[in-house]
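Asker: Supplied in structure tokens, the structure appears directly below.
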Amino acid sequence: MDFKRIIKVAHKTCPYIKSKSISQLRALSTIKVNETQGSKAGGTALLGIARTCPVLGKALIKSEKVEGERNFSSTTKCPHQVTPKLSATVAPDISITYPDVSKAKRMQPPLQFSNISNAFDYEGFYDQEIQKKHKDKSYRYFNNINRLAAEYPLAHTVHGMQDKVTVWCSNDYLGMSKHPKVIDAMKSALDVYGAGAGGTRNICGNAQLHLSLEKQVASLHSKPAALVFSSCFVANDATLSTLASKLPDCIIFSDSSNHASMIQGIRNSRSRKLIFRHNDIAHLESLLESVDINVPKIIAFESVYSMCGSVGPIKEIVKLAKKYKAITFLDEVHAVGMYGKTGAGVAEYIKEMNDIDIISGTLGKAFGIVGGYIAGSAGLVDMIRSYAPGFIFTTSLPPAVMAGAITSIKHLSKSENERSLQQLQTRDLKKRLNSIGIPVIPNPSHIVPILVGDASQAKDISDELLNRFKIYVQSINYPTVSVGEERLRITPTPGHNEEHMVKLVNSLETIWSERGLKRVDDWKLLGGRAGVGLPNNDVQQLVKQSDLKFDSLLGDKTQLIKMEVESFHTSPKLFS
Numbered sequence: 093m094d095f096k097r098i099i100k101v102a103h104k105t106c107p108y109i110k111s112k113s114i115s116q117l118r119a120l121s122t123i124k125v126n127e128t129q130g131s132k133a134g135g136t137a138l139l140g141i142a143r144t145c146p147v148l149g150k151a152l153i154k155s156e157k158v159e160g161e162r163n164f165s166s167t168t169k170c171p172h173q174v175t176p177k178l179s180a181t182v183a184p185d186i187s188i189t190y191p192d193v194s195k196a197k198r199m200q201p202p203l204q205f206s207n208i209s210n211a212f213d214y215e216g217f218y219d220q221e222i223q224k225k226h227k228d229k230s231y232r233y234f235n236n237i238n239r240l241a242a243e244y245p246l247a248h249t250v251h252g253m254q255d256k257v258t259v260w261c262s263n264d265y266l267g268m269s270k271h272p273k274v275i276d277a278m279k280s281a282l283d284v285y286g287a288g289a290g291g292t293r294n295i296c297g298n299a300q301l302h303l304s305l306e307k308q309v310a311s312l313h314s315k316p317a318a319l320v321f322s323s324c325f326v327a328n329d330a331t332l333s334t335l336a337s338k339l340p341d342c343i344i345f346s347d348s349s350n351h352a353s354m355i356q357g358i359r360n361s362r363s364r365k366l367i368f369r370h371n372d373i374a375h376l377e378s379l380l381e382s383v384d385i386n387v388p389k390i391i392a393f394e395s396v397y398s399m400c401g402s403v404g405p406i407k408e409i410v411k412l413a414k415k416y417k418a419i420t421f422l423d424e425v426h427a428v429g430m431y432g433k434t435g436a437g438v439a440e441y442i443k444e445m446n447d448i449d450i451i452s453g454t455l456g457k458a459f460g461i462v463g464g465y466i467a468g469s470a471g472l473v474d475m476i477r478s479y480a481p482g483f484i485f486t487t488s489l490p491p492a493v494m495a496g497a498i499t500s501i502k503h504l505s506k507s508e509n510e511r512s513l514q515q516l517q518t519r520d521l522k523k524r525l526n527s528i529g530i531p532v533i534p535n536p537s538h539i540v541p542i543l544v545g546d547a548s549q550a551k552d553i554s555d556e557l558l559n560r561f562k563i564y565v566q567s568i569n570y571p572t573v574s575v576g577e578e579r580l581r582i583t584p585t586p587g588h589n590e591e592h593m594v595k596l597v598n599s600l601e602t603i604w605s606e607r608g609l610k611r612v613d614d615w616k617l618l619g620g621r622a623g624v625g626l627p628n629n630d631v632q633q634l635v636k637q638s639d640l641k642f643d644s645l646l647g648d649k650t651q652l653i654k655m656e657v658e659s660f661h662t663s664p665k666l667f668s
């Protein structure tokens with residue numbers, strides 16, 4: 093029982109309890125009395141006082157009739173007890189003499205609780221909750237995959253180097269985690285500054301590297317300031333929860349497909365939220381129209397939605413935000429490093445970055461390191477820095493991480509080779525899969541989701557790819573995606589070559605044929621699902637062919653690049 097919590101609640105309603113301190117009331121609850129000491133029944137001094145209350149007294153009389161209740165009251169008088177004199181009508185102001193608690197406890201017999209066999213079964217509860225996951229096929233399995241820097245995109249499994257697989261689902265989209273410049277920078281920082289940061293940002297964990305990284309991030313997004321977090325989940329949660337809770341009567345407008353980190357931040361803010369249908373501008377405007385234009389408002393959405401590959405209507409949302417006096421919070425997690433001339437994201441690519449109020453991003457995907465951040469006005473960043481528990485009370489990222497992130501951002505802000513080649517790989521894979529009817533969920537981004545439509549089948553396909561074909565592609569099930577829209581999520585990288593590509597496509601063709609899985613035409617007959625099999629779903633890629641730039645051809649990738657560019661001259665419909 094939480095004594096303090098009960099007392100705090102009681103303070104609001106009971107005049108007697110309100111007049112006493114918690115320590116006085118706790119002492120009263122430890123003092124034992126019996127019938128001869130002024131109470132109508134045994135118990136504590138506090139219980140005796142409660143019996144004089146016109147409200148609690150009636151309830152206690154009824155409860156004391158229940159058999160077994162007396163087992164909780166001691167009949168042994170402690171010589172150290174203080175006996176209050178209780179009035180039959182008015183609860184007196186009792187002066188407390190504190191007993192020698194340690195000696196009193198030794199003299200009292202242990203309490204005998206009834207129904208001990210009904211004690212809560214913690215382990216049984218854990219098992220029940222896990223069984224629910226198994227029953228609805230949402231239980232998460234974690235494969236032991238150890239990516240090899242020197243052989244990217246290869247990895248070895250739990251069986252060691254003798255069991256290598258090709259990774260096709262990593263969020264290390266551009267292979268920057270193994271880039272020589274990044275690794276050298278991290279090694280140097282490790283030698284100079286050691287492994288850990290030493291504390292939170294305000295206690296010994298704020299170094300020049302942290303400040304330099306924040307300056308680099310702010311410059312990347314053309315914002316006055318930036319703030320680095322331990323992850324972008326924390327960045328989203330901390331920023332949205334803090335900002336929305338501080339803004340008076342704030343209302344948050346959230347896309348229905350927003351990431352769990354944004355949902356968590358919105359929930360933690362305890363602000364009013366209105367959810368609009370995914371990428372539905374008309375629905376968003378109808379919700380904005382329904383509230384007072386002078387009330388603070390945040391529109392929270394993403395640029396690239398990672399599980400379906402769709403791209404948010406940034407320009408249209410910015411227009412609505414200006415019209416209805418809202419601020420915008422854009423999650424560019426799956427876009428930073430991947431889009432725009434300097435890799436700042438989709439907002440940069442479509443020339444809308446300056447009109448976004450708050451941008452959040454990650455260092456753990458295209459930049460290949462770990463950590464998250466926000467970028468915005470100096471006032472906003474300073475407020476979040478000063479109030480957000482997720483920032484204040486978390487040990488800061490290590491110096492080596494900072495050094496690696498700075499190096500990665502600088503490299504990708506100048507080199508367009510990596511993201512251009514990744515775009516070519518994405519187009520190539522989508523083209524090959526579409527040609528054999530494998531149901532790729534249409535989207536304009538670098539994500540290649542393949543619709544399966546059944547949780548068990550999705551996991552079985554993932555297992556077969558891994559065990560039979562030495563290809564690792566993770567299945568994505570509920571609650572990450574809706575039931576009936578389970579899928580495989582593939583992410584091509586610059587490191588995948590022609591041999592890797594052919595093996596993946598042939599393996600998927602074999603599995604689809606042997607298992608009799610639904611192809612595009614089958615989904616079309618069923619009316620379509622998740623964009624597959626629907627009319628007019630020839631979605632163009634966001635990045636135009638003319639925007640694919642190679643500053644300097646990538647060594648052994650030169651021939652591959654030339655081949656890919658030439659092959660797509662014959663398929664102009666794939667480009668917008």
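Numbering (this note's numbering), first residue to last: 93 to 668. Just so you know, even glycine gets a beta-carbon here, dropped at the ideal spot from N, CA and C.
With Val624 as the anchor, note down where its beta strand (DSSP E) starts and where it stops.
Answerer: In the sequence shown, counting from the first residue as 1, residue 624 sits at position 532. That residue, Val624, is in no beta strand (DSSP E); it is neither H nor E in DSSP.
Asker: For Ala436 versus His313, is the C-beta spacing smaller than 7 Å?
Answerer: Looking up residue 436 in the sequence shown gives position 344. Looking up residue 313 in the sequence shown gives position 221. Going by C-beta atoms, Ala436 is nearer than 7 Å to His313.
Asker: Going straight from the alpha carbon of Ser567 to that of Ser574, what length do you get?
Answerer: Within the sequence shown, numbered from 1, the residue matching residue 567 stands at position 475. Within the sequence shown, numbered from 1, the residue matching residue 574 stands at position 482. The straight-line gap from Cα to Cα measures roughly 13 Å.
Asker: What span of residues does the beta strand (DSSP E) with Thr679 cover, start to end?
Answerer: Outside the displayed span of the chain (93 to 668) sits residue 679, for which this structure offers no information.
Asker: What number of angstroms, rounded off, separates the C-alpha of His172 from the C-alpha of Ala137?
Answerer: Numbered from its first residue, the sequence shown carries residue 172 at position 80. Numbered from its first residue, the sequence shown carries residue 137 at position 45. Low confidence applies here, because His172 scores a pLDDT of 43, under 50, leaving its location unreliable and the question unanswered by this model.
Asker: Which same chain residues end up closer than 8 Å to Ile355 when comparing Cβ atoms and leaving out the 5 residues on each side of it in sequence?
Answerer: If you number the sequence shown from 1, residue 355 lands on position 263. Closer than 8 Å at Cβ, skipping near neighbours: Ser346.
Asker: Does at least one heavy atom of the ligand FMN sit under 6 Å from the Cβ of Leu543?
Answerer: For the structure depicted, the ligand FMN is absent and the ligand set is empty, with no information on it obtainable.
Asker: Quick check on the DSSP output: the beta strand (DSSP E) that includes Lys256 runs from which residue to which?
Answerer: Sequence index remark: in the sequence shown, residue 256 carries index 164 (1-based). Note, Lys256: beta strand (DSSP E), Gly252 to Val259.
Asker: Does the beta-carbon of Asn559 have 16 or more other beta-carbons within 10 angstroms, so that it is buried, or is it exposed?
Answerer: Here residue 559 is taken as the residue at index 467 of the sequence shown, counted from 1. Asn559 should be labelled exposed.
Asker: Please state whether DSSP places Asp238 in a helix, a strand or coil.
Answerer: Numbered from 1 along the sequence shown, position 146 holds the residue referred to as residue 238. Reading off the sequence, residue 238 comes out as Asn, not Asp. Asn238 falls in the strand class under three-state DSSP.
Asker: When the Cα atoms are used, what is the spatial distance from His351 to Ile528?
Answerer: To locate residue 351, count along the sequence shown from 1; it is residue 259. To locate residue 528, count along the sequence shown from 1; it is residue 436. Looking at the two C-alpha atoms, the distance is approximately 32 Å.
Asker: Under the three-state reduction of DSSP, which class applies to Tyr564: helix, strand or coil?
Answerer: Here residue 564 refers to the residue found at position 472 of the sequence shown. Reduced to three states, the DSSP call for Tyr564 is strand.
Asker: Going by DSSP, what residues sit across from Gln632 in a beta bridge?
Answerer: Within the sequence shown, numbered from 1, the residue matching residue 632 stands at position 540. Gln632 pairs with nothing; no bridge assigned.
Asker: Between the C-alpha atoms of Gln549 and Tyr564, what's the straight-line distance to the nearest angstrom?
Answerer: For this step, residue 549 is matched to residue 457 along the sequence shown. For this step, residue 564 is matched to residue 472 along the sequence shown. Computed Cα separation, rounded: 16 Å.
Asker: Could you pull out every residue in the same chain whose Cβ sits closer than 8 Å to the Cβ of Ile292, ignoring the five residues on either side in sequence?
Answerer: Here residue 292 is taken as the residue at index 200 of the sequence shown, counted from 1. This sequence places Thr at residue 292; Ile is not what is there. Contacts found: Ile484, Phe485, Thr486, Thr487 and Ser488.
Asker: Check Phe325 in the structure and name its three-state DSSP category.
Answerer: For the purposes of this step, residue 325 is taken as the residue at position 233 of the sequence shown. When DSSP states are grouped into helix, strand and coil, Phe325 belongs to the helix group.
Asker: Between the Cα of Asp474 and those of Ala317, Thr518, Leu513 and Asn598, spot the shortest distance and give me the residue it belongs to.
Answerer: Your numbering for residue 474 matches position 382 in the sequence shown. The candidate whose alpha carbon is nearest that of Asp474 is Ala317.
Asker: Taking the straight line between their C-alpha atoms, what separation do you get for Ser554 and Leu580?
Answerer: Taking the first residue of the sequence shown as position 1, residue 554 is located at position 462. Taking the first residue of the sequence shown as position 1, residue 580 is located at position 488. Using only the alpha carbons, I get a separation of about 8 Å.
Asker: If you reduce the DSSP assignment to three classes, tell me which class Arg581 lands in.
Answerer: In the sequence shown, counting from the first residue as 1, residue 581 sits at position 489. Strand, per DSSP.
Asker: Apart from the five residues on each side of it in sequence, which residues of its chain come closer than 6 Å, Cβ to Cβ, to Ser337?
Answerer: Within the sequence shown, numbered from 1, the residue matching residue 337 stands at position 245. If we look at Ser337 and ignore the five residues flanking it on each side, its Cβ neighbours are Ser361.
Asker: Starting from the Cα of Pro534, find the closest Cα among Leu117, Phe217 and Lys522 and give me that residue.
Answerer: Here residue 534 corresponds to residue number 442 of the sequence shown, with the count starting at 1. Among Leu117, Phe217 and Lys522, the Cα nearest to that of Pro534 is on Lys522.
Asker: Could you tell me if Phe325 is buried or exposed, where buried requires 16 or more neighbouring beta carbons within 10 angstroms of its beta carbon?
Answerer: Counting from 1 along the sequence shown, the entry for residue 325 is found at position 233. Under this definition Phe325 is a buried residue.
Asker: Please go through the same chain and pick out, in chain order, the residues whose beta-carbon is closer than 7 Å to the beta-carbon of His248, but skip the five residues on each side of it.
Answerer: Your numbering for residue 248 matches position 156 in the sequence shown. Counting only Cβ-Cβ distances below 7 Å, and skipping sequence neighbours, we find Asn238, Leu240, Asp255 and Lys256.
Asker: Hey, how far is the Cα of Met278 from the Cα of Leu543?
Answerer: Taking the sequence shown and counting its residues from 1, the one referred to as residue 278 is at position 186. Taking the sequence shown and counting its residues from 1, the one referred to as residue 543 is at position 451. Approximately 39 Å, taken between the alpha carbons.
Asker: Along the chain, where does the alpha helix (DSSP H) that runs through Ala352 open and close?
Answerer: Taking the first residue of the sequence shown as 1, we reach residue 352 at position 260. Its alpha helix (DSSP H) spans residues Ala352 to Ser361.
Asker: Should Val635 be labelled buried (16 or more other beta-carbon atoms within 10 Å of its own) or exposed?
Answerer: Sequence index remark: in the sequence shown, residue 635 carries index 543 (1-based). Buried, by the Cβ-count rule.
Asker: So Arg519 and Gln633 are supposed to be a Cβ contact under 8 Å. How far apart are they, rounded?
Answerer: Stepping through the sequence shown from its first residue, residue 519 is reached at position 427. Stepping through the sequence shown from its first residue, residue 633 is reached at position 541. About 6 Å; that satisfies the 8 Å criterion.
Asker: Give the straight-line distance between the Cα atoms of Lys169 and Thr122, rounded to the nearest whole angstrom.
Answerer: Numbered from 1 along the sequence shown, position 77 holds the residue referred to as residue 169. Numbered from 1 along the sequence shown, position 30 holds the residue referred to as residue 122. Here the model assigns Lys169 a pLDDT of 45, short of 50, so the residue's position is not dependable, and the following value carries that caveat. For Lys169 and Thr122, the distance between alpha carbons rounds to 12 Å.
Asker: With DSSP collapsed to three states, give me the class of Ile123.
Answerer: Looking up residue 123 in the sequence shown gives position 31. In this structure, Ile123 counts as coil in the three-state DSSP scheme.
Asker: Output needed for Leu246: all residues of its chain with C-beta closer than 8 Å, excluding positions within five of it in sequence on either side, in chain order.
Answerer: As a first step, residue 246 is located in the sequence shown; it is residue number 154 there, counting from the start. Excluding sequence neighbours, Leu246 sits near Arg239, Leu240, Lys256, Val257, Thr258 and Val259.
Asker: Using three-state DSSP, classify Gly647 as helix, strand or coil.
Answerer: Your numbering for residue 647 matches position 555 in the sequence shown. Here Gly647 scores only 46 on pLDDT, less than 50, and its place in the model is too uncertain to base an answer on.
Asker: Quick check on Tyr441: does DSSP put it in helix, strand or coil?
Answerer: The count along the sequence shown starts at 1 and reaches residue 441 at position 349. DSSP places Tyr441 in helix when its eight states are reduced to three.
Asker: What three-state label does DSSP hand Pro176 in the structure shown?
Answerer: As a working mapping, residue 176 is identified with position 84 in the sequence shown. Because the pLDDT at Pro176 is just 45, under 50, the model does not fix this residue reliably, and the point stays unresolved.
Asker: At what residues does the beta strand (DSSP E) containing Gln394 begin and finish?
Answerer: Along the sequence shown, read from residue 1 onward, the residue named residue 394 stands at position 302. In the sequence as displayed, the identity of residue 394 is Glu instead of Gln. Run containing Glu394: Lys389 to Glu394, per the beta strand (DSSP E) assignment.
Asker: Helix or strand or just coil, what does DSSP make of Gly608?
Answerer: One-based indexing of the sequence shown puts residue 608 at position 516. Coil, per DSSP.
Asker: List the endpoints of the continuous beta strand (DSSP E) containing Asp228.
Answerer: Reading the sequence shown from its first residue, position 136 is the one you call residue 228. No beta strand (DSSP E) holds Asp228; DSSP gives it neither H nor E.
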